[in-house]
Amino acid sequence: MPSSSDTDWRYGVYLFPLPLLLAVAAAGGMWAFVSLTSSGSFSDADALAGIAAFLLTVAGSWLSILFGAVVAVAVVMDARALADRGWWSPNRYAVGALGLLHLVATQFLPLGLLSTPLFVAYCYRRRERV
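Sequential numbering from 1 applies to the sequence shown in the working numbering.
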C-alpha cells in the first residue's frame, strides 16, 4: 500500500491504459467511416453516422496523443521523484524510453502489445518497492 508521502506522479502513470483505449476507439471510428463512405447507397442516416465516426476518429486520435504525453511525462517524473526520495531507483533512461514507446504506441497500435506489459511490470515493481 502506498505511503501517505508517496509521489503524486503515480496518478499519471496509472492512466497508461487510457491512451491505447482511445487509439483503439479512433481506429474503430476510422473503420466505421471508411465502411460507411465506401458503401454504394448513402442515406441521411449514413451521413450522420459518417460524421459521428469522423468526429470519434479525430477526438480519439488527439486525446490518445495528449494522454500518451501525460503518461510519458508522469512516468519519468515519478521515477525521478522515487530516486530523489531514495525509495527506489529505476533506470531513468529505460523509463524514459518506456514513456516514449507508449506515446508512439498511440499511433502505431502493435507497439502497445509491448508497452502495456512493460507498464504493468513498472507499476507492479513500483508497488513492491515503495
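Ideal placement from N, C-alpha and C gives every residue a C-beta, glycine not left out.
Closest by C-alpha distance to residue i, when choosing among the options
{"i": "Arg127", "options": "Phe54, Trp87, Ala45 and Leu113", "result": "Trp87"}
{"i": "Asp8", "options": "Gly60, Ala59, Ala32 and Ala79", "result": "Ala79"}
{"i": "Gly29", "options": "Ile51, Leu20 and Asp6", "result": "Ile51"}
{"i": "Asp6", "options": "Thr57, Ala97, Leu101 and Ala81", "result": "Ala81"}
Alpha-carbon to alpha-carbon, residue j and residue i
{"i": "Ala69", "j": "Leu18", "result": "11 Å"}
{"i": "Ser115", "j": "Leu109", "result": "10 Å"}
{"i": "Gly112", "j": "Leu55", "result": "23 Å"}
{"i": "Phe33", "j": "Asn91", "result": "43 Å"}
{"i": "Trp31", "j": "Val120", "result": "29 Å"}
{"i": "Ala59", "j": "Gly99", "result": "22 Å"}
{"i": "Leu66", "j": "Val73", "result": "11 Å"}
{"i": "Ser39", "j": "Ala25", "result": "21 Å"}
{"i": "Pro117", "j": "Ala53", "result": "30 Å"}
{"i": "Ser35", "j": "Ala45", "result": "14 Å"}
{"i": "Val76", "j": "Val104", "result": "16 Å"}
{"i": "Ala97", "j": "Ala27", "result": "25 Å"}
Proximity test, residue i beta-carbon vs the ligand MG heavy atom, cut-off 6 Å
{"i": "Val34", "result": "Absent from the structure shown: the ligand MG. Ligands present: none."}
At 4 residues or longer, and completely inside the segment 6–33: list those alpha helix (DSSP H) runs for me, N to C.
Segments of the alpha helix (DSSP H) lying fully in the segment 6–33: 10–13.
What residue ranges within the segment 39–126 form continuous alpha helix (DSSP H) runs of no fewer than 4 residues, ordered along the chain?
Those alpha helix (DSSP H) runs which fall completely within the segment 39–126 and span 4+ residues are 44–85 and 92–105.
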